[in-house]
Every structure is written in C-alpha cells, then in structure tokens.
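Just so we're aligned: 304 in full-length UniProt numbering is position 304 of the sequence shown, and the numbers increase by one with no gaps anywhere. Presented below is the structure to which this report refers.
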Amino acid sequence: RILDLNGGSPPLTYKRFLHILSLLGDPEVPVRNLTAEDFQRCRAPDPGLAECYRVPLPVDLKISPESLSPWRGGETEGLQRLEQHLTDQGWVTSFTKPRTIPNSLLPSTTGLSPYFSMGCLSVRTFFYRLSNIYAQAKHHSLPPVSLQGQLLWREFFYTVASATPNFTQMAGNPICLQICWYKDAERLHKWKTAQTGFPWIDAIMTQLRQEGWIHHLARHAVACFLTRGDLWISWEEGMKVFEELLLDADYSINAGNWMWLSASAFFHQYTRIFCPVRFGKRTDPQGNYIRKYLPILKNFPSKYIYEPWTASEEEQKQAGCIIGQDYPFPMVNHQEASDHNLQLMKQVREEQHRTVTLTRDDVDDPMEIKVKRDHSEENISKGKVARTT
1 RILDLNGGSP PLTYKRFLHI LSLLGDPEVP VRNLTAEDFQ RCRAPDPGLA ECYRVPLPVD
61 LKISPESLSP WRGGETEGLQ RLEQHLTDQG WVTSFTKPRT IPNSLLPSTT GLSPYFSMGC
121 LSVRTFFYRL SNIYAQAKHH SLPPVSLQGQ LLWREFFYTV ASATPNFTQM AGNPICLQIC
181 WYKDAERLHK WKTAQTGFPW IDAIMTQLRQ EGWIHHLARH AVACFLTRGD LWISWEEGMK
241 VFEELLLDAD YSINAGNWMW LSASAFFHQY TRIFCPVRFG KRTDPQGNYI RKYLPILKNF
301 PSKYIYEPWT ASEEEQKQAG CIIGQDYPFP MVNHQEASDH NLQLMKQVRE EQHRTVTLTR
361 DDVDDPMEIK VKRDHSEENI SKGKVARTT
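Here it is in structure tokens:
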C-alpha cells in the first residue's frame, strides 16, 4: 500500500515516508494474547515428534552457563523488558534517541531490538502500548527521534529495501553512491578484531563480539571510522561483520544504516565525522566503558584512557601496558585521514549529484530535528578537527 500511494516506488526520505503513513492511518491492532485453550489444538500426530523436534536447550548443545550472552532470549524475557521500560512513562514520553549515551555500561535505549528481530516481540504491541502512553501525556517527543519513531525507521528501511534492486550492495544499487573504496584486508581485520589502537573504537568492537549488541551511537562511531572517517573501507565489509555478530541484525536495517553512516545514501552531512577520542570522552570521561571491555588499559589514569599513547614510558609501565607491545599504537592519524577522506567524498558527491538528490530531504538530518547537534562530532568544513595522534 505504501508503494501504491507513492506512485509505485518506495519513498526514499523519512519525511516522505511519514507523509505516506499519515494517509494510511495506524496499523492493525495486534491479535489477542493466546491462552492454554488455543494450544489444545496444537498437537503432534505422533507423540514422538514433539520430542524429536523440540527446541534444544543450552545443555543439549554443550554450552556452558559461563559462555552465555547477557541477552536472554524468548518472548517471556522480551515482554519483561518491555514492561520494565514502559513503567517509566516520563522516560517514554521524553525519549529522544540522539541524546542517549553510546558507552553506558547498561543500554540507555530500550534494548528491545534483538527481540523484534528474532520475532520474540510484536512490533504492533509496542506501537500501541506507546500510543496509549502518548495519549495520556501532555507532551511527548515525535518521530524521527521518539520511541515510536524508531519503529518507523525500521519500517522505512523495510519499505525501501523491498523495492530497491541490490539494496545490500553498492554495485547495481540505484540509490547508493558508487565509491572506489580501499581494499585493505589487514586494516579491515584490525577494525574487526579491536586492534585499531583507539581504545573507544576497540572497546565497542569488543563488546560487539562478546555480547552481540552495541548502542546505536557506538555503531555510528565504528561505522564512520571504517568508512568515510578514517579507513575508507567499503560499508559492505562492515555490514557483513554486523550481520555476523549482531543479535538484532536485520538485512534491510543493517544495509540501510551502513549506507547512511558511510554517507553513501540517506545521510548528507558528510562533513560531520566522529572523533574516535573525543566522542566517547564526552559521555564517559573516566573511561569506565573502556576499562570493562579492554582490561589491558584499566590501570591508566583517566586523562590517558582514551589516548594511552600520550602517556610517558614510565606511566605506561605503571599501568602495566606498553603501547606498541601490549596494546597497539593508533593505526592512522585521525586528522590526516579524515581530512583526506573528506576531499574524496566531496569529489564523489559532486560527480554523482543526481544520485545524491534521490535520498536527500529538505531537512539536513532528520535524526536531528529539534535536537541540538552533538558537538563531539567534527565539522571539518569549518576547520573544527580534534588532533588525536
């Protein structure tokens, strides 16, 4: 129906998508909760089949309790998390996604995405629970930054992916900039295995590998670092890593966000580049997040935890970590790399202006409507760059 109302093609901007949704009205209400009576009709014809095809438990797969993820699966757990978050209605009504904290030790967002991705939670249930709370509030945040707006981002990428050829790759993708990314297996491996030499980036990648989840702004930071920010490596490579490691991996959302974060489509403030030092420091100046996921650095004083290479040799010895031996030096000079990559991106966008306009809204960045820009990003075009190496 969305495609029909948009003339047979997907709306390529979030603003246009919201307009089409306004013509459709709210989605259908979710079905009622199932009861034990409903399951009386769900019996295996052969009693042995139920045992043969039952879902295996961790003990059946010889998985030790110590190796289990902190994310417990299933509908029961998902519903408990849903109720826990909706209890604080003030938090629900005031939620604005860009203001959440990327390196908090506990999720500052709902953390419900794996449960939606795995089918453990009904998206429509969440939508209507939010609608009921909004209806009782005097004021509440709005899409694109509200909680309900996050669900609509999901549907936006689903819709675009459903009618865009080769959505999960650059070649043959009509809305994606065609960029000559570097092919550097060694650098890609360092990024993937948390060996970039930038503690905040490496802590994020470590959490991703250990737990299968990272905050959305942490995803922004490591994606920007891999692509247009520092390494100039294709977003497709990062997408594959996220698809492998994320519990909430979803092909359309994953690909859409990687195109966004690499400024290949959807996002057009390409001069904004996450500083791999300053962004994390702003919300966690003591570096507790780094100390948890990179214990090799835990004894560094706070003033060095984001830039341990700036500590003296004696201070490194006292911290029990010698840079270049126990933990790598930064793999790039951030200022030089980001300056160079910005010029490459500027040239690409000038040469492919027609493709750029396909996903361009009349709002600079729809995720920042009524939200002040995060000053830990760098606007290189104005000369505001933090030297990190």
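Cβ coordinates follow ideal geometry from the N, Cα and C atoms, glycine included. Computed from a prediction, not measured in an experiment: that's the story for all the values here.
Keeping to the same chain, check which residues put their C-beta closer than 6 angstroms to that of residue i; ignore five residues upstream and five downstream.
i, result
"Ala337", "Asp230"
"Val160", "Pro10"
"Trp309", "Ile323 and Phe329"
"Phe267", "Trp260"
"Tyr293", "Ala203, Thr206 and Gln207"
"Ser252", "Phe157, Tyr158 and Ala161"
"Phe300", "Pro308 and Ala319"
"Phe17", "Pro11 and Phe156"
"Ser262", "Thr227, Arg228 and Trp235"
"Lys281", "Tyr306"
Could you check where the beta strand (DSSP E) with residue i kicks off and where it finishes?
i, result
"Ile273", "Arg272 to Phe274"
Can you name, in chain order, every residue of its own chain whose Cβ lies under 7 angstroms from the Cβ of residue i, other than the five neighbours on each side?
i, result
"Arg43", "none"
"Leu151", "Val123, Phe126 and Phe127"
"Pro366", "Bear in mind that the predicted position of Pro366 carries a pLDDT of just 49, short of 50, making it unreliable; the figure below should be weighed with that in mind. The answer, listed in chain order, is Tyr14, Lys15 and Pro144."
"Lys298", "Arg291"
"Thr359", "Leu12, Thr13, Ile175, Ala265 and Phe266"
"Ile214", "Ile204, Gln207 and Leu208"
"Phe95", "Ser141, Ser146 and Leu147"
"Ile296", "Cys321, Asp326 and Tyr327"
"Asp250", "Ser117"
"Leu3", "Ser9, Pro10 and Ala163"
"Val222", "Ile201, Ile204 and Met205"
"Cys120", "Gly73, Gly74, Glu75 and Gly78"
Quick one: does residue i have its CB under 8 angstroms from some CB of chain D?
i, result
"Pro276", "As a matter of chain content, chain D is missing from the structure shown, which is built from one protein chain."
Based on the DSSP output, what are the partners of residue i in its beta bridges?
i, result
"Tyr182", "Ile233"
"Ile323", "Tyr327"
When you compare each of the options to residue i by their alpha carbons, which one comes out closest?
i, options, result
"Gln343", "Trp232, Gln318 and Tyr115", "Trp232"
"Phe242", "Gly287, Gln286, Thr168 and Pro65", "Thr168"
"Leu217", "Trp258, Tyr182 and Gly8", "Trp258"
"Glu237", "Trp153, Glu186, Val29 and Ser141", "Glu186"
"Leu89", "Lys138, Arg41 and Tyr304", "The displayed chain sequence assigns Gln, not Leu, to residue 89. Checked all of Lys138, Arg41 and Tyr304; the closest Cα to Gln89 is Lys138."
"Ser113", "Ile133, Trp71, Asn132 and Gln178", "Trp71"
"Asp184", "Met331, Val356, Gly7 and Glu28", "Met331"
"Gln84", "Pro65, Gly111, Val59 and Ser64", "Gly111"
"Ile20", "Gly8, Val29 and Val31", "Gly8"
"Gly78", "Thr193, Leu188 and Tyr115", "Tyr115"
"Arg219", "Val29, Pro58 and Phe279", "Phe279"
"His340", "Asp26, Val59 and Trp181", "Trp181"
"Val59", "Leu68, Glu51, Cys52 and Tyr53", "Leu68"
"Gln136", "Thr93, Gly149 and Arg154", "Thr93"
"Arg349", "Gln178, Gly25, Ile305 and Gly149", "Gln178"
"Trp91", "Gln316, Ile133 and Val31", "Ile133"
For the alpha helix (DSSP H) containing residue i, list its first residue and its last residue.
i, result
"Trp116", "The identity of residue 116 in the sequence shown is Phe, whereas the question assumes Trp. That run of the alpha helix (DSSP H) goes Ser113 to Ser117."
"Val332", "Premise fails: Val332 is in no alpha helix (DSSP H) and is neither H nor E."
"Gly256", "Tyr251 to Leu261"
"Tyr306", "Taken as a continuous stretch (DSSP letters only), Tyr306 belongs to no alpha helix (DSSP H), as it is neither H nor E."
"His220", "His216 to Cys224"
"Thr357", "His353 to Leu358"
"Gln3", "Checking the sequence, you will find Leu at residue 3 rather than Gln. Note, Leu3: alpha helix (DSSP H), Ile2 to Leu5."
"Arg228", "Segment: none, Arg228 is in no alpha helix (DSSP H) and carries neither H nor E."
"Asn299", "No alpha helix (DSSP H) contains Asn299, which DSSP labels as neither H nor E."
"Gly280", "Arg278 to Thr283"
Please list, in chain order, all residues of the same chain as residue i whose beta carbon is under 8 angstroms from its beta carbon, the five residues on each side excluded.
i, result
"Phe225", "Trp191, Thr196, Phe198, Ile201, Leu231, Phe274 and Pro276"
"Arg129", "Leu82 and Leu86"
"Asp364", "Bear in mind that the predicted position of Asp364 carries a pLDDT of just 46, short of 50, making it too unreliable to give a figure here."
"Leu245", "Leu208, Arg209 and Gly212"
"Gly172", "Pro165 and Asn166"
"Pro56", "none"
"Ser302", "Pro285, Gln286 and Gly287"
"Leu23", "Leu5"
"Met239", "Thr168, Asn254, Ala255 and Trp258"
"Arg1", "Leu24"
CB of residue i to nearest heavy atom of the ligand FMN: below 7 angstroms?
i, result
"Ala135", "Of ligands this structure carries none, so the ligand FMN is not represented either."
Q) Which full runs of the alpha helix (DSSP H) of 4+ residues lie inside the region 120-205, going along the chain? A) 123-136, 147-162 and 185-192
Q) Curious, which full-length beta strand (DSSP E) runs of at least 3 residues does the region 25-104 contain? A) The region 25-104 contains no whole beta strand (DSSP E) run of 3 or more residues.
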